[in-house]
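Participant: My questions all concern the structure below.
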Amino acid sequence: MTENILPRFPRLIDRLLGRLPTLPLDLALRRFVGSLADRHPSLFSRLGEHATKRFLIEPTDLSLAFLLAPDPAMPRLEAVKRGADGRISTACDARIAGPLAALVGMVHGALDGDALFFSRDIVIEGDTEAVLALRNAVDDAEIDLPAEIAPLTGPAAHYVAQVMEAMRPLAERVTGVALGRPGAPA
2 MTENILPRFP RLIDRLLGRL PTLPLDLALR RFVGSLADRH PSLFSRLGEH
52 ATKRFLIEPT DLSLAFLLAP DPAMPRLEAV KRGADGRIST ACDARIAGPL
102 AALVGMVHGA LDGDALFFSR DIVIEGDTEA VLALRNAVDD AEIDLPAEIA
152 PLTGPAAHYV AQVMEAMRPL AERVTGVALG RPGAPA
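Once you know that position 129 of the sequence shown is 130 in the numbering used here, the rest is easy, because the numbers rise by one and skip nothing.
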């Protein structure tokens, strides 16, 4: 099982983030998912019948989760806070849960989703066919989060990309999250 080697997101940082309202994050996520759809048009359209499904992406080491509605006409990604009981109570068709490092590592192609699933580092519930379609679409898009985020900063994009590149090794060490695709500039 890789559970023992997967780092956990720092609890102190999570506690600080958990105290913030979700509205600013939701606005940023809305802009991010719109840009992602523009930069990778087939990402959501290739989901076919699964494009209308709702996916709960739940980092188990964060106090919030993310609800993805990948409708190509209007994709949405929003933050969902945990309740007082520590559970996420929102309607979804499929749930993908695991440490943030595992979830982001899969997006970047740094970790193998099958290995994480069979080692029980990630849990999939609900419509597994939809999850497989989403996973294949994300794999094919070869998403690199820093490369997707920098252009959102407008005229400062070049400088933001440089700062993110310089800070990436430290941020990866502190958080344990692979913040870029293997082989991408660090």
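Where a beta carbon is used, it is the ideal one built from N, C-alpha and C, also for glycine.
1) Pairs of beta-carbons, one from the stretch 115 to 135 and one from the stretch 87 to 97, closer than 8 Å: are there three or more?
2) Comparing C-alpha positions only, which one of V161, P76 and A162 sits nearest to T53?
3) Output the distance between the C-alpha atoms of L7 and T61, rounded to the nearest integer angstrom.
4) Go through its chain and collect everything with a Cβ distance to V34's Cβ below 6 Å, but skip five positions before and after it.
5) May I ask you to report which of helix, strand or coil DSSP gives P11?
6) Which term fits P100, buried or exposed, when burial requires 16 or more other beta carbons within 10 angstroms of its beta carbon?
7) Here's the rule I'm using: 16 or more other beta-carbon atoms within 10 Å means buried, otherwise exposed. How should R55 be labelled?
8) Tell me A95's beta-bridge partners as DSSP assigns them.
9) With a CB to CB cut of under 6 Å and the five nearest residues on each side skipped, what residues in its chain are close to R47?
Facilitator: Looking at the atomic coordinates:
1) Yes, the stretch 115 to 135 touches the stretch 87 to 97.
2) Position 52 of the sequence shown, counted from the start, is the residue given in the question as residue 53. It is P76 whose Cα lies nearest to the Cα of T53.
3) Translated into the one-based positions of the sequence shown, residue 7 becomes position 6. Translated into the one-based positions of the sequence shown, residue 61 becomes position 60. Answer to the nearest angstrom: the Cα atoms are 12 Å apart.
4) Translated into the one-based positions of the sequence shown, residue 34 becomes position 33. The residues are P76 and L78.
5) Here residue 11 refers to the residue found at position 10 of the sequence shown. The answer is coil: DSSP assigns P11 none of H, G, I, E or B.
6) As a working note, residue 100 is residue 99 in the sequence shown. Result: buried.
7) As a first step, residue 55 is located in the sequence shown; it is residue number 54 there, counting from the start. R55 is buried by the Cβ-count criterion.
8) In the sequence shown, residue 95 corresponds to position 94, counting from 1. Per DSSP, the beta bridge partners of A95 are F56 and G127.
9) Taking the first residue of the sequence shown as position 1, residue 47 is located at position 46. Closer than 6 Å at Cβ, skipping near neighbours: A138.
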